[in-house]
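Q:
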Amino acid sequence: DTAVSQTPKYLVTQMGNDKSIKCEQNLGHDTMYWYKQDSKKFLKIMFSYNNKELIINETVPNRFSPKSPDKAHLNLHINSLELGDSAVYFCASSLSYEQYFGPGTRLTVT
Amino acid sequence: RKEVEQDPGPFNVPEGATVAFNCTYSNSASQSFFWYRQDCRKEPKLLMSVYSSGNEDGRFTAQLNRASQYISLLIRDSKLSDSATYLCASLFSGGYNKLIFGAGTRLAVHP
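In the order they appear, the protein sequences are chains A and B.
For what it's worth, my numbering labels the leading residue of the first sequence as 128, then goes sequentially.
For what it's worth, my numbering labels the leading residue of the second sequence as 1380, then goes sequentially.
1. Spell out whether any CB of chain A is found under 8 Å from the CB atom of residue 1403(B).
2. Is residue 1431(B) helix, strand or coil when you go by DSSP?
3. What does residue 148(A) reach in chain B if we use C-beta pairs closer than 9 Å?
4. Where does residue 156(A) land, buried or exposed, given buried means 16+ other C-beta within 10 angstroms?
5. Would the region 146-155 of chain A count as touching the region 212-227 of chain A if we require 3 or more Cβ pairs under 8 Å?
6. Considering only C-alpha positions, which residue in the set 234(A), 160(A), 145(A) is nearest to residue 182(A)?
7. In the DSSP assignment, find the beta strand (DSSP E) that holds residue 157(A) and state where it starts and stops.
8. Could you confirm whether any beta carbon from chain B is found closer than 8 Å to the beta carbon of residue 191(A)?
9. Using a C-beta to C-beta distance shorter than 8 Å, which residues of chain B count as neighbours of residue 151(A)?
10. Taking residue 1439(B) as the reference, give the member of 1393(B), 1465(B), 1490(B), 1407(B) with the closest Cα.
11. Verify the CB distance criterion: does residue 1476(B) have a CB-CB separation below 8 Å to chain A?
12. List the endpoints of the continuous beta strand (DSSP E) containing residue 1475(B).
13. Taking 8 Å as the cut-off, decide whether the C-beta atoms of residue 1413(B) and residue 1398(B) are in contact.
14. What's the gap between the Cα of residue 1441(B) and the Cα of residue 223(A)?
15. If the cut is a Cβ gap below 8 Å, which residues of chain A does residue 1428(B) touch?
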């Protein structure tokens, strides 16, 4: 069974659209994260939730809004998509320091 | 200066070779470090955690040098399947389990 799963795996959309990515983990972890990996392969944290509470909010445009309905789920909604949002978005979870990543969502904005 | 820096490579080595990568970090207060392996178009997978001076797991050895602020990863007896990008990460000392990643080092093992 996949420990950290994300949907969809691929997302192709046009500029200006709104889209959501979903993440679920069945590891019983308390903390979940969203990372963005750009075309230069640089992996950067965006948000983190601990037990449904937002604890990390990096300098991310407010078009990005995370939501955690419970500690096993973390979603990411993106409004008014721009070309520069094209990247791979990874969800991760952790119980302590070690973080485990989902398979990623490859977002392409055209 | 980036918080975590790695030589992007690529390191091209023959099977059976020993190869080492270094990763430097700028925040002297960082306590915990991690090596992840990332295959092309896949997610990063945790390879090793480094909380004290070092860690060893089979062919892989990670060492931490706090005085010089770097972490190394040594791979012995390289296999073709070791070909991947190796990401170094430092745990942000301000709390909240924020990992700061380097840009990765590419390893290509050839027959």
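Glycine included, every Cβ here is placed at the ideal spot set by N, Cα and C.
A: Reading off the structure:
1. no
2. coil
3. By Cβ distance, chain B contributes nothing, its closest Cβ being about 14 Å from residue 148(A), past 9 Å.
4. buried
5. yes
6. 160(A)
7. Counting along the chain, residue 157(A) falls outside any beta strand (DSSP E), and DSSP gives it neither H nor E.
8. no
9. Chain B residues near residue 151(A): none, gap ~15 Å exceeds 8 Å.
10. 1465(B)
11. yes
12. Segment: none, residue 1475(B) is in no beta strand (DSSP E) and carries neither H nor E.
13. no
14. 20 Å
15. 224, 225
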